[in-house]
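Student: From first to last, the protein sequence lines are chains A and B.
Under numbering that gives the first Met the number 0, the residues of the first sequence are numbered 0 to 211, in order.
Under numbering that gives the first Met the number 0, the residues of the second sequence are numbered 0 to 211, in order.
Glycine residues also receive a C-beta, built at the ideal position from the N, C-alpha and C atoms.
This structure is a prediction, so every number in the text was calculated from the model and none was measured.
Number of protein chains: 2
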Amino acid sequence: MKRIADSTVRRLSIYLRFLEDSVLQGIRTISSEELARRGGTTSAQVRKDLSFFGSFGKRGLGYPVPELTTALRDILGIGREWRIIIIGAGKIGTALAQYGGFRQRGFQVVAVYDSDPQKIGSRWDGHEVRDVVDIDHDIAADRPDIAVLTVPAEEAQAIGERVAAAGLRAILNFAPVQLHLSSDVTVRNVNMAMELEGLSFALTNREKNGND
Amino acid sequence: MKRIADSTVRRLSIYLRFLEDSVLQGIRTISSEELARRGGTTSAQVRKDLSFFGSFGKRGLGYPVPELTTALRDILGIGREWRIIIIGAGKIGTALAQYGGFRQRGFQVVAVYDSDPQKIGSRWDGHEVRDVVDIDHDIAADRPDIAVLTVPAEEAQAIGERVAAAGLRAILNFAPVQLHLSSDVTVRNVNMAMELEGLSFALTNREKNGND
DNA sequence: ACATGTGAACTGCTTCACAGCG
DNA sequence: CGCTGTGAAGCAGTTCACATGT
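In structure tokens form, the structure reads like this:
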């Protein structure tokens with residue numbers, strides 16, 4: 000299979016979300032034009048994105064909504080259950096552990112970790128917070144697929160290395176540092192400070208350039 | 000000023016974070032090579048990124064750490080205080096409202112909104128949750144700079160339109176929908192489900208292609 | 001001698017435009 | 001006739017390579 004751009008995968012997620020709504024509304028067929036409008040892109044981009052994976056549409060008609068939905072789920076690999084662990088039971092880690100949207104989409108939180116003795120042993124939403132020292136052992140036993148890192152910046156690299164060594168191959172990193180791991184580990188970064196700084200930059204520049 | 004790519008602005012944030020550490024450690028000078036290593040990019044990329052904004056380095060030496068730090072803060076517009084409002088007092092909104100990292104970096108949460116009568120009036124971390132019906136009026140009075148949207152997907156577009164109409168020009172959108180707003184409003188999206196699906200895609204494809 | 005700053009070359013994503021097919 | 005699927009063209013972001021300055 001040809002290498003797929005990150006931006007393409009992101010758009011597939013967007014299309015899928017809208018398609019799921021459309022299925023519920025009983026819509027049978029949808030054009031690339033309509034998908035583009037809702038996804039904030041162009042119809043050519045939609046067709047190109049989908050064409051990497053097959054021919055899902057009917058010329059002169061559009062795409063069959065239920066079939067395309069199933070196909071995208073399959074492409075993104077969200078037909079199955081993915082097991083995720085959350086490392087770092089701070090504010091954000093806690094919110095994520097309790098967030099219902101994960102399980103709903105096939106991502107099951109199987110464990111929550113922290114290093115703070117005050118937090119270890121406490122329970123949230125059915126998850127007992129475990130001691131992060133046990134993580135290597137636990138990963139071997141529980142075989143989770145994805146680690147969500149919500150630890151302080153200083154600890155992120157070390158924890159990333161440990162979960163990678165234990166066999167995890169996907170990390171969602173909330174710590175504001177760039178992780179350096181073997182290339183067979185896929186890392187996605189979510190960095191609130193960075194996003195806010197991006198907005199700050201945009202606002203600052205708009206002011207300088209007189210609003211154009 | 001030439002148009003700056005989003006990817007460049009993101010990297011500037013990364014450089015800045017590392018530079019701030021370096022200042023604390025008393026490091027005087029840093030090379031593009033070292034910045035690149037820490038930022039997960041190349042030295043040429045670092046030099047190119049910085050060159051859009053000026054000549055900060057000394058040939059044969061590298062970049063002076065304190066001066067470059069100040070310059071990047073200035074470029075990103077984080078010398079001043081930005082006033083932010085959080086709309087949606089659910090799990091994630093609550094976590095963000097209590098998150099200390101914002102104020103620390105110059106982003107001050109000035110108000111939290113929700114539409115649920117049970118939540119309106121309650122207090123978190125010094126913020127009384129206000130009724131979202133008052134938001135237009137409040138924005139005119141409080142003049143916030145950035146809105147953080149943590150409302151359900153169905154409500155995001157309508158709320159986005161309201162805050163845009165009230166004069167807000169920057170939105171950090173956590174709802175899993177693409178906002179359609181006038182182009183003078185800058186929107187950044189943070190979408191956990193999308194990131195997890197990206198990891199799911201990577202894991203699924205690795206399995207199919209036999210790990211390369 | 002060494003590391004920056006930067007045009008030029010390159011790579012890869014996006015857009016165009018139209019042939020192909022229902 | 002309408003809308004998809006897709007090579008070709010266009011464009012933007014990255015990498016190269018070296019002249020430049022200290």
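For D211 (chain A), which of helix, strand or coil comes out of DSSP?
Tutor: Caution applies to D211 (chain A), whose pLDDT of 35 falls short of 50 and renders its modelled position unreliable; the value that the coordinates give is listed next. It is coil, neither helix nor strand.
Student: Where does Q107 (chain A) sit, in a helix, a strand or coil, going by DSSP?
Tutor: Here Q107 (chain A) sits in strand by DSSP.
Student: With a threshold of 6 Å on Cβ separation, who are the neighbours of E15 (chain A) within its own chain once the five nearest residues in sequence on each side are excluded?
Tutor: Here residue 15 (chain A) is Leu; the residue named in the question, Glu, does not match the sequence. Excluding residues within five positions, the ones whose Cβ falls inside 6 Å are L71.
Student: So, for V128 (chain B): in the same chain, excluding its five sequence neighbours on each side, which residues have a beta-carbon less than 8 Å away from its beta-carbon?
Tutor: Excluding sequence neighbours, V128 (chain B) sits near A88, V111, Y112, D113, K118, I119, G120, S121, R122.
Student: Rounded to whole angstroms, what is the Cα-Cα separation between L67 (chain B) and D73 (chain B)?
Tutor: Answer to the nearest angstrom: the Cα atoms are 10 Å apart.
Student: Does K90 (chain A) get closer than 8 Å to chain B when you measure Cβ to Cβ?
Tutor: Taking Cβ atoms only, chain B reaches closer than 8 Å to K90 (chain A), which makes this a yes.
Student: Once DSSP output is grouped into helix, strand and coil, what is the label at N204 (chain B)?
Tutor: Of the three classes helix, strand and coil, the one that applies to N204 (chain B) here is helix, per DSSP.
Student: Would you give the residue range spanned by the beta strand (DSSP E) that I85 (chain A) belongs to?
Tutor: Where I85 (chain A) is concerned, the enclosing beta strand (DSSP E) stretches over 81–86.
Student: Verify the contact flag: P151 (chain A), CB atom, against every heavy atom of the ligand MN, threshold strictly below 7 Å.
Tutor: Absent from the structure shown: the ligand MN. Ligands present: none.
Student: On the criterion of 16 or more Cβ atoms from any shown chain inside 10 Å, does A164 (chain A) qualify as buried, or is it exposed?
Tutor: Counting Cβ neighbours within 10 Å, A164 (chain A) comes out exposed, since fewer than 16 surround it.
Student: Quick one: which unbroken alpha helix (DSSP H) runs of 4-plus residues sit fully inside the region 130–206 of chain A? Chain order, please.
Tutor: The qualifying runs are 134–141, 152–164.
Student: For G61 (chain B), name the three-state secondary structure that DSSP assigns.
Tutor: Reduced to three states, the DSSP call for G61 (chain B) is strand.
Student: Would you mind stating whether N188 (chain B) and N204 (chain B) have Cβ atoms separated by less than 8 Å?
Tutor: Going by C-beta atoms, N188 (chain B) is not nearer than 8 Å to N204 (chain B).
Student: Assign G38 (chain B) to one of two classes, buried (16 or more other C-beta atoms within 10 Å of its C-beta) or exposed (fewer than that).
Tutor: So G38 (chain B) counts as buried.
Student: Indicate the three-state DSSP secondary structure (helix, strand or coil) for R2 (chain B) in the structure shown.
Tutor: R2 (chain B): coil per DSSP, three-state reduction.
Student: Check this for me: beta carbons of I86 (chain A) and I138 (chain A), under 8 Å apart or not?
Tutor: Not closer than 8 Å, so no.
Student: By DSSP, does P7 (chain B) sit in helix, in strand, or in coil?
Tutor: Sequence check: residue 7 (chain B) is Thr here, not Pro. In the structure shown, T7 (chain B) sits in a helix (DSSP, three-state: H, G or I).
Student: Would you mind giving the Cβ-Cβ distance between S42 (chain A) and S50 (chain A), rounded to the nearest angstrom? I have them listed as a contact below 8 Å.
Tutor: Not quite, the Cβ-Cβ distance comes to about 12 Å (not below 8 Å), so this is no contact.
Student: CA-CA distance, A35 (chain A) and L95 (chain B)?
Tutor: Roughly 31 Å between the two C-alpha positions.
Student: Below 8 Å between beta carbons: does that hold for G197 (chain A) and V8 (chain B)?
Tutor: Going by C-beta atoms, G197 (chain A) is nearer than 8 Å to V8 (chain B).
Student: Would you identify the three-state DSSP class for T40 (chain A), choosing helix, strand or coil?
Tutor: Coil, per DSSP.
Student: Verify the CB distance criterion: does R52 (chain B) have a CB-CB separation below 8 Å to chain A?
Tutor: Going by the sequence as given, residue 52 (chain B) is Phe instead of Arg. Closer than 8 Å: no.
Student: Between A:S6, A:K1, A:D115, A:F17, which has its C-alpha nearest L178 (chain B)'s C-alpha?
Tutor: Ranking A:S6, A:K1, A:D115, A:F17 by Cα distance to L178 (chain B) puts A:F17 first.
Student: Could you tell me the distance, in whole angstroms, from the CA atom of T149 (chain A) to the CA atom of R58 (chain A)?
Tutor: Looking at the two C-alpha atoms, the distance is approximately 47 Å.
Student: Using a 10 Å radius around the Cβ and a threshold of 16 neighbouring Cβ atoms, would you call R2 (chain A) buried or exposed?
Tutor: Per the 10 Å Cβ criterion, exposed.
Student: Give the single residue among B:L195, B:A155, B:L11, B:V108 whose Cα lies nearest to the Cα of V186 (chain B).
Tutor: Ranking the options by Cα distance to V186 (chain B), first place goes to B:A155.
Student: Select from the region 56–85 of chain A all residues with a C-beta closer than 8 Å to any C-beta belonging to chain B, and list them in chain order.
Tutor: Result list: I74, L75, G76, I77, W81, I83.
Student: Per DSSP, what kind of secondary structure is I29 (chain A) in: helix, strand or coil?
Tutor: Reduced to three states, the DSSP call for I29 (chain A) is strand.
Student: What span of residues does the alpha helix (DSSP H) with Q97 (chain A) cover, start to end?
Tutor: First-last of the alpha helix (DSSP H) with Q97 (chain A): 90–97.
Student: From the DSSP output, which residues share a beta bridge with E127 (chain B)?
Tutor: Beta-bridge pairing links E127 (chain B) to B:R122.
Student: Measuring straight from C-alpha to C-alpha, what distance separates A174 (chain A) and E194 (chain A)?
Tutor: If you take the alpha carbons of A174 (chain A) and E194 (chain A), they lie about 13 Å apart.
Student: Please name the residue in A:V147, A:T28, A:V176 whose C-alpha comes closest to that of R168 (chain A).
Tutor: It is A:V147.
Student: Using DSSP with H/G/I as helix, E/B as strand and the rest coil, what is D115 (chain A)?
Tutor: D115 (chain A): coil per DSSP, three-state reduction.
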